[in-house]
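First up is the structure itself, then whatever we jot down about it.
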Amino acid sequence: MTISFAEIEKTQAAEVIQRAWFSHMDKIIFQLLKHTICAAENCVTHEILKKVCPSEAALVKDPSVQCKVRFRFGGKNFPPFIVFKIFLHTGGHGNKYFSGKNTLRPSSEAVVDACKLMGNRKYYDQIIQDQLQFQKYKVADEVDVVTMKDYMHFTSFLDETPAYLGGKSNCWRRLSLENFPKTMIMYDIMDYATSGTLSDRLQKELKYLLQKPKSKEMHHDQLRIVSQVRTSPSPSSLSVSSLQQYHQQLVKPKHSGRRSKQARMKIAKMRRAYKKEQEKNMEEPNTQKTNEKNQHRIIIITPSYEILGVNSPPSDDELEQEAKELFTWTKELCLDNS
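Going letter by letter, the sequence shown gives residues 1 to 338 in full-length UniProt numbering.
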């Protein structure tokens with residue numbers, strides 16, 4: 001089976017287009033990752049550290065400890081992952097780091113006591129580890145520092161060495177997707193870089209974020225958009241099936257035999273109490289209106305607008321008194337007739 005020259009040209013052209021497209025997408029991802037790393041270092045450092053280690057976040061926020069958190073790219077493949085490291089600024093005075101390795105010198109008697117407390121096996125393992133570190137890094141002690149380059153190697157060695165081996169254990173640490181706040185677009189950017197899913201919120205701001213900043217204000221505005229807190233999660237993060245299930249759970253009524261009966265009885269009781277209260281409120285204005293209707297006054301006025309008298313309706317006591325007088329008067333009439 002022979003392949004024609006035209007088919008070979010089509011395949012090569014498709015490969016060129018594919019490489020150009022992949023290169024274009026890599027540039028987009030790298031531009032978004034640059035915004036993410038700048039926003040993480042200048043805007044939301046404390047929020048990220050709280051998710052990684054709350055105790056370190058509280059220490060970095062302390063104004064007495066002058067710390068600076070740096071973020072960098074790491075990894076051998078694209079897209080790169082983000083790493084961070086905490087740097088301590090001493091204002092040019094320097095600091096002294098104490099460890100058992102620096103304190104216990106071979107010429108001191110404390111080494112003999114340490115060997116007795118640790119045991120020969122652990123003590124020999126520690127000596128072997130020191131020798132292996134010296135053979136690997138060549139600059140594993142303060143005595144080995146001669147030039148500025150040696151000093152930089154020594155500080156890097158202390159940062160990468162664990163604390164139980166005499167180091168500071170302050171190396172470059174990798175950040176995962178869970179370490180970024182989900183309420184910010186930087187989470188969508190990291191998700192897009194790792195999984196390739198583009199959220200709706202990121203898609204709306206993508207055109208503006210990919211523009212080259214023409215001024216500092218524009219650059220700050222781009223960082224603000226990346227670190228801005230969202231009010232609700234992006235709709236693209238939810239699948240269609242999960243949205244349908246959520247809608248069915250909201251619409252579908254929950255029926256449980258015993259609880260529904262108790263609920264119906266409670267609702268009926270509340271409805272009866274509400275009706276009684278409503279009827280009572282309706283009766284009160286009616287009684288007030290009838291009382292107002294009964295309480296009329298008769299005013300006699302002459303053509304010269306002189307008030308001759310005011311006849312007001314009698315009160316209950318007056319009516320009762322008149323009834324008693326009328327009753328005694330009728331009794332007297334009955335006696336006279338007899």
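Note that the Cβ used here is the ideal one computed from N, Cα and C, for glycine as well.
| message | Below 8 Å, how does it come out for the stretch 198-218 and the stretch 105-123: are there three or more Cβ pairs, yes or no? | response | They do not touch, by the three-pair rule.
| query | Looking at the structure shown, is K68 part of a helix, part of a strand, or coil, going by DSSP? | reply | Judged by DSSP in its simplified three-state form, K68 adopts strand.
| Same chain, Cβ closer than 7 Å to F78, neighbours up to 5 away in sequence not counted | If the five residues before and after F78 are omitted, its C-beta is found closer than 7 Å to the C-beta atoms of D26, all from its own chain and listed in chain order.
| Given that a residue counts as buried once 16 or more other Cβ atoms are within 10 Å of its Cβ, and exposed if not, what is S227? | S227 is buried by the Cβ-count criterion.
| request: Verify whether the separation of the beta carbon atoms of F84 and L175 is less than 8 Å. | output: Using a Cβ distance threshold of 8 Å, F84 and L175 count as a contacting pair.
| said: Alpha carbons only, please: which of Q31, E9, K168 is nearest the one belonging to L88? | reply: Measuring from the Cα of L88, the nearest candidate turns out to be K168.
| request: Going by CA-CA distance only, name the one from M282, I82, P162 that's closest to K34. | output: Closest by alpha carbon: I82.
| request: Quick one: residues in its chain with C-beta nearer than 7 Å to the C-beta of D188, no 5 flanking neighbours on either side, listed in chain order? | output: Only S199, R201, L202, S234 meet the Cβ criterion.
| message | Classify Q126: buried if its beta carbon has 16 or more other beta carbons within 10 angstroms, exposed otherwise. | response | Buried, by the Cβ-count rule.
| field | Three-state secondary structure (DSSP) of P235 | value | Note that P235 scores 46 on pLDDT, short of 50, meaning its location in the model is unreliable; the coordinates nonetheless yield the value given after this. P235 falls in the helix class under three-state DSSP.
| query | Under three-state DSSP, which class holds V16? | reply | Here V16 sits in helix by DSSP.
| query | For V83, which of helix, strand or coil comes out of DSSP? | reply | When DSSP states are grouped into helix, strand and coil, V83 belongs to the strand group.
| Taking the alpha carbon of Q133 as the point to measure from, which residue in L158, Y151, V112 has its own alpha carbon closest? | Nearest neighbour of Q133 by Cα position, chosen from L158, Y151, V112, turns out to be L158.
| For K207 and R173, the rounded distance between their alpha carbons | Rounded to whole angstroms, the gap between the alpha carbons of R173 and K207 is 32 Å.
| task | Taking N170 and I86 to be in contact with their CB atoms under 8 Å, please state how far apart those CB atoms are, rounded to whole angstroms. | result | By a beta-carbon distance limit of 8 Å, N170 contacts I86. Their separation comes to about 6 Å.
| request: With DSSP as the reference, label R174 as helix, strand or coil. | output: Correct three-state label for R174: strand.
| request: Kindly indicate the opening and closing residues of the alpha helix (DSSP H) around H153. | output: It spans 148-160 - the alpha helix (DSSP H) in which H153 sits, taken as one unbroken run.
| Whole-angstrom distance between Q31 and V44, CA atom to CA atom | Their backbone Cα atoms lie some 19 Å apart in a straight line.
| query | Between the beta-carbon of V143 and the beta-carbon of F154, is there less than 8 Å? | reply | At least 8 Å separates the beta-carbon of V143 from that of F154.
| query | For T197, is the classification buried or exposed, using 16 other Cβ atoms within 10 angstroms of its Cβ as the cut-off for buried? | reply | Classification of T197: exposed, given that the 10 Å Cβ count is below 16.
| request: Have a look at Q18 and P80 and give me their C-alpha separation to the nearest angstrom. | output: Computed Cα separation, rounded: 21 Å.
| field | DSSP three-state assignment for F78, whether helix, strand or coil | value | Three-state result, F78: coil.
| query | Tell me which same chain residues have a C-beta within less than 6 Å of the C-beta of H255, skipping the five on either side of it? | reply | Low confidence applies here, because H255 scores a pLDDT of 49, under 50, leaving its location unreliable; read the following figure in that light. None.
| Can you tell me the Cα-Cα spacing of W21 and C67, whole angstroms? | Between W21 and C67, the alpha-carbon positions lie close to 42 Å from each other.
| request: Tell me where the alpha helix (DSSP H) around P54 begins and ends. | output: That run of the alpha helix (DSSP H) goes 54-61.
| said: Let me check one thing: in DSSP terms, what residues is residue 345 bridge-paired to? | reply: In this structure the chain extends from 1 to 338, so residue 345 is not present and cannot be described.
| field | DSSP three-state assignment for F73, whether helix, strand or coil | value | Strand.
| Distance, Cα to Cα, Q129 vs E109? | One C-alpha to the other measures close to 21 Å.
| said: Measuring straight from C-alpha to C-alpha, what distance separates N120 and F73? | reply: When the Cα atoms are used, N120 and F73 turn out to be separated by approximately 43 Å.
| field | Residue range of the alpha helix (DSSP H) that includes V111 | value | For V111, the enclosing alpha helix (DSSP H) covers residues 110-118.
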